[in-house]
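Residue numbers (the UniProt record's numbering): 1 to 109.
Here is the structure we will look at, set down as structure tokens.
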């Protein structure tokens, strides 16, 4: 799984910080849903548990989990956390996306 998805150190640090504040495990779930301005959109949640069929990647003790259906759409992606003048957000660099939108939260295949 490590070669299928990558969680950057910046993203791992942010997930760890959020998880500690909420008293939850440091497990970030990335899923893909239909919608958004380009056809699909990314959804991030802190996961309470890891499902048996989830793909799992780990960086600095923080786990990134993805369900099998979403994995087909995000395989090879890098999940990062970026802070700029416009705000702070998780960003997915998805090599499978043929189109994207200005907000960076939706994509097309």
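Using N, Cα and C, we set each Cβ at its ideal position, and we do this for glycine too.
What does a CB cutoff of less than 8 Å around residue i pick up in its chain, not counting 5 residues either side in sequence?
i          : result
residue 22 : 46
residue 50 : 27, 56, 63, 65
I need the DSSP call for residue i, collapsed to helix, strand or coil.
i          : result
residue 30 : strand
residue 24 : coil
residue 47 : coil
residue 2  : Any reading at residue 2 needs caution, since the residue's pLDDT is 46, under 50, leaving its predicted position unreliable; the model's value is listed next. Correct three-state label for residue 2: coil.
How is the beta strand (DSSP E) around residue i delimited, first residue to last?
i          : result
residue 84 : 77–84
residue 87 : 87–93
residue 60 : Careful: residue 60 lies outside any beta strand (DSSP E) and carries neither H nor E.
residue 6  : 5–7
How about residue i and residue j: do their beta carbons lie closer than 9 Å?
i          : j          : result
residue 27 : residue 63 : yes
residue 5  : residue 78 : yes
residue 12 : residue 61 : yes
Just reading off the alpha helix (DSSP H) that residue i is part of, what are its end residues?
i          : result
residue 72 : 68–74
For residue i, collect the residues of the same chain with a Cβ closer than 7 Å to its Cβ; drop the 5 residues on either side in sequence, then sort them by chain order.
i          : result
residue 14 : 81
residue 42 : 30, 32, 92, 105
residue 73 : 32, 40, 96, 109
So, for residue i: in the same chain, excluding its five sequence neighbours on each side, which residues have a beta-carbon less than 6 Å away from its beta-carbon?
i          : result
residue 71 : 55
residue 95 : 76
residue 8  : 80
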